[in-house]
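Trainee:
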Amino acid sequence: MPTLPKGSIRVEHVWKKFRADRTAPLFYDQILRARRSLTGGGGRPYRWVLKDVSVTVEPGGTLGLIGINGSGKTTLLKIISGTTYQSAGQLQAEGRLGALLSVTSGIHPDLTGRENVFLYGAVLGMRRKISRERFDEIVEFAGLADAIDRQVKFFSLGMQMRLGFSIAAFLEPDILLVDEVLSVGDANFQQKCLRRIEEVVRQGTTLVYVSHDLTSVEATCQRSLWLADAVVQAAGPTREVAALYRKSVEQDASLATSNDGVVRMLKSSITGPDGGPVLSLEDAEIQLTLNSPEAVEADFYVGVSLGTAFPMFITKYHGLFPSGDFEVKCQLHHVPLFKGRYSIWTAMTSFGKWADNPLLPWKPAVAFDAFGPDVLEPPQGVMVAAPLHVGTTWSVE
Amino acid sequence: MQSMALSTPQEGETPSASGNTRSGEGSALPAEPPSHLIYRHEARLRTSLSDLWASRDIIYTLAERDIRAQYKQATLGMLWALIVPMAMLGIFILIFSRTKSLGVLPGVPYPIFAYIGILCWTFFSQSLGTGGTALLNNHDLMSKTQFPRECFPLETILVTAVNTVLAWIPLVLLFIFYRIVPKPATLWVVPLMMLIEVLFTVGLTLGVAALIIQMRDLAQVLPMIIQLGLFVTPVIWQFSIIPAKWQIVYGFFNPLGPVIDDARRAMLLGGHPAPIPLMAAIAGTACYLAVGYRLFKRFEVNFADIA
């Protein structure tokens with residue numbers, strides 16, 4: 161294989177199998193497998209967690225890995241890092257690797273924060289001399305100056321995570337691999353971490369980033385790979401891949417919707433001006449048809465989420481609802497949404513005998529597309545693309 | 014307001030390949046990877062060793078971690094490294110000092126004779142005991158980091174080595190107490206014996222560590238085997254009990270026999286190593302090292318997955 165420049169990653173047709181749920185002790189298991197392969201009977205004693213995955217990252221490139229739990233993201237990251245080996249296919253990752261697969265596994269609880277800086281630094285591949293030089297910077301970044309001589313078992317999980325990330329942030333590797341690790345820190349520190357990641361990327365480090373937080377992937381990675389059921393579903397520019405991913409998650413969610421409350425949702429729709437599609441900053445009307453076995457006084461909630469997960473706003477109506485079929489209409493004024501895919505959520509609650517169980521549980525009722533200007537590109541270091549579109553009048557004097 | 018695209022995307026359409034987005038590959042995928050792609054793990058000795066050398070800081074740091082953690086909570090701290098072998102010596106004195114049949118070197122006090130054996134034995138047995146299970150105990154770290162796996166057993170051997178150095182202090186005190194001066198041959202024989210012992214220990218520990226991952230039962234049996242080893246190794250008895258023609262076989266399979274015997278006779282009597290058992294011990298050590306390291310490298314592919 162030709163030697164690639166430092167910081168390149170090339171994954172070619174990589175497959176990975178895991179032993180299927182183990183039914184026998186390891187050694188006995190191997191005897192069983194040997195027998196099975198001789199007699200040729202029985203099912204496959206393993207399952208594939210990655211199938212024919214190929215991806216290339218140029219030096220200085222950024223790749224996001226997205227997908228639901230168990231889709232193989234972390235396994236791919238581990239294979240790239242060399243923590244585990246592929247079952248088939250080829251892999252090249254040139255240059256010094258910094259892998260942040262878990263922030264607390266290298267940290268020893270009985271040691272002080274100071275001792276752990278050197279320990280974790282070494283485990284991540286930092287030379288002792290460098291750890292010593294960077295020590296003050298690391299502690300300052302973690303914001304742990306007061307606690308650094310305390311034993312780590314007296315740290316909170318968030319503090320341990322801050323220590324772990326800070327050490328990794330000053331590694332300056334050619335390739336940085338980051339698994340879902342930032343979710344433990346507080347929002348402030350997450351921002352700080354993402355800024356640091358961006359800084360490292362600007363200095364020419366290649367980044368592979370795994371996260372469930374799509375917005376942070378969108379903010380940090382140019383390209384993305386979407387894995388589902390061990391297979392690459394889509395690969396390309398992050399915005400396109402993320403859009404496809406959002407759509408699929410949303411379809412799954414709407415399939416899960418069923419009527420298990422007392423009140424049943426019969427029909428739901430939303431229309432924009434003149435019965436057309438929903439337009440940014442124009443009015444829209446939500447029409448719902450429901451059925452109730454008896455007349456109730458209740459609170460009716462309508463909410464809108466970006467995709468199916470990210471809540472945008474919610475409104476409430478209190479009133480009397482008749483028995484039998486009835487219709488609820490809700491006028492939204494100046495819909496503050498950018499172009500995108502959204503869901504309408506509904507719920508109905510009451511008091512008295514209905515106090516414990518909602519009449520209609522909080523669930524997505526219908527998905528819709530809004531048309532209008534695009535979401536603004538987030539500036540560097542801004543994690544969440546601000547999702548609401550507000551009508552504004554500007555003046556500069 | 015900007016112009017709007019009013020083309021409504023159709024519900025349930027398959028992800029389209031828009032722009033340079035590649036997608037929907039799953040359809041034509043075989044159930045198994047083609048055989049020419051199957052990954053074969055090849056660990057070349059040269060690259061393995063140079064990787065290991067590059068990771069030496071990790072070994073030091075992990076060893077430091079263990080030593081600090083080990084003694085942080087103990088009131089007596091590092092003194093435990095002295096107390097354990099001394100207690101062992103006390104037991105041996107109580108039980109065996111009167112039994113002449115085991116054969117003690119002529120004119121040598123039993124405590125010194127036994128303590129040299131204990132020193133050698135403790136290093137070996139503790140290294141094997143902790144190093145053999147090092148991969149299991151560090152599973153959490155191993156499944157999240159990528160440095161050479163040899164670091165874990167080697168690190169525990171280093172920790173034991175530090176403890177063993179401390180355990181030399183009682184030996185020095187014993188020499189002073191009995192007014193014995195180690196003979197000049199000590200200077201070259203003892204370092205040579207230590208080298209053989211360390212290499213033998215490393216080889217066996219690496220092999221055992223790799224096998225324990227595959228066969229967990231071994232972790233239960235290991236302490237028993239080590240205990241048995243104490244009695245088949247000339248710790249409390251003398252190597253010369255073994256008939257001369259068997260010494261070469263014994264030396265090959267248990268290099269510790271000649272090692273302990275030669276160290277003792279060099280320190281106490283100034284004797285030079287008997288060449289034949291020593292050669293056997295060196296050959297045995299080389300085999301243990303080669304086989305142990307090979308086993309380790311061979312099974313290394315699985316470590317992170319099944320540990």
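Taken in order, these protein sequences are the chains called A and B. Each number in my numbering corresponds to the 1-based position in the first sequence with 160 added. Each number in my numbering corresponds to the 1-based position in the second sequence with 13 added. Just so you know, even glycine gets a beta-carbon here, dropped at the ideal spot from N, CA and C. Model, not experiment: these values are computed from the prediction.
(1) How would you label A/N276, buried or exposed, when you count the other beta carbons within 10 angstroms and need 16 or more for buried?
(2) Under 7 Å between beta-carbons, which chain B residues line up against A/S231? List them in chain order, please.
(3) Residues in the segment 206–235 of chain A with C-beta within 7 Å of chain B's C-beta atoms, listed in sequence order?
(4) For the segment 52–83 of chain B, which residues have a beta carbon sitting closer than 7 Å to at least one beta carbon of chain A?
(5) Nearer than 7 Å: is that true of the beta carbon of B/S138 relative to any heavy atom of the ligand SAH?
(6) So which of B/N267, B/F252, B/M228, B/T218 has the shortest CA-CA distance to B/G242?
(7) Please classify A/P547 as buried or exposed, where buried requires at least 16 other C-beta atoms within 10 Å of its C-beta.
(8) Please confirm whether A/R274 and A/D309 have their CB atoms less than 8 Å apart.
(9) Check A/R170 in the structure and name its three-state DSSP category.
(10) Give me the Cα-Cα distance between B/G39 and A/K176, rounded to the nearest whole angstrom.
(11) I'd like to know whether the C-beta of A/R287 is nearer than 8 Å to at least one C-beta of chain B.
(12) How about the segment 164–181 of chain B and the segment 130–144 of chain B: do they share at least three Cβ pairs that are nearer than 8 Å?
(13) Nearest to A/L387 by alpha carbon, out of A/T468, A/Q252, A/F315, A/R406?
(14) Under 8 Å, Cβ to Cβ, is there at least one residue of chain B near A/A546?
(15) Just confirm the distance between the C-beta atoms of B/G220 and B/V314, as a whole number of angstroms; I'd bet it's less than 8 Å.
(16) Please confirm if the segment 203–221 of chain A is in contact with the segment 233–242 of chain A, defined as three or more CB-CB distances below 8 Å between the two stretches.
(17) What does the Cβ neighbour count give for B/L186, buried or exposed, with the cut at 16 atoms within 10 Å?
(18) In angstroms with no decimal places, state the Cα-to-Cα distance between B/F316 and A/L336.
(19) Is DSSP giving B/P122 helix, strand or coil here?
(20) Rank B/R277, B/L235, B/L224 by C-alpha distance to the C-alpha of B/W250 and give the top, closest one.
(21) With distances taken from CA atoms, which of A/G220, A/L331, A/F178, A/G551 is nearest A/T366?
(22) Kindly identify the DSSP beta-bridge partner or partners of A/P397.
(23) Is the CB-CB distance between A/G532 and A/L439 below 8 Å?
(24) Going along the chain, which residues of its own chain have a beta-carbon closer than 6 Å to the beta-carbon of B/F309, five neighbours each way excluded?
(25) Just the chain B side, please: which residues come within less than 7 Å of A/F278 by C-beta, in chain order?
(26) Run through DSSP, which three-state label would A/R207 get?
(27) Helix, strand or coil for A/F315 per DSSP?
(28) Are the C-beta of B/F312 and some C-beta of chain A separated by less than 8 Å?
(29) Can you find a CB in chain B that lies within less than 8 Å of the CB of A/F481?
(30) Can you give me the C-alpha to C-alpha distance between A/G227 and B/L42, rounded to a whole angstrom?
(31) Rounded to whole angstroms, what is the Cα-Cα separation between B/E163 and A/E218?
(32) Spell out a yes or no on whether the segment 64–75 of chain B and the segment 88–102 of chain B are touching, meaning 3 or more CB-CB pairs, one atom from each, closer than 8 Å.
(33) List the residues that DSSP assigns as beta-bridge partners of A/G224.
(34) Helix, strand or coil for A/Y502 per DSSP?
(35) Three or more beta-carbon pairs under 8 Å between the segment 439–450 of chain A and the segment 486–499 of chain A, yes or no?
Mentor: Well, looking at it:
(1) buried
(2) Within 7 Å Cβ-Cβ: nothing; A/S231 doesn't reach chain B, min ~12 Å.
(3) K211, D212
(4) Y52, H54, D70, I71, T74, R78, R81, A82
(5) Because no ligand of any kind appears in the structure shown, any question about the ligand SAH cannot be addressed here.
(6) B/N267
(7) buried
(8) yes
(9) strand
(10) Its pLDDT being 45, under 50, B/G39 is placed unreliably by the model, and the measurement read from it follows with that caveat. Those two C-alpha atoms are separated by around 16 Å.
(11) yes
(12) yes
(13) A/R406
(14) no
(15) That pair is no contact at about 16 Å.
(16) yes
(17) exposed
(18) 23 Å
(19) coil
(20) B/R277
(21) A/G220
(22) A/R383
(23) yes
(24) L219, A223
(25) T74
(26) strand
(27) coil
(28) no
(29) no
(30) 19 Å
(31) 32 Å
(32) no
(33) A/Y369, A/S384
(34) strand
(35) yes
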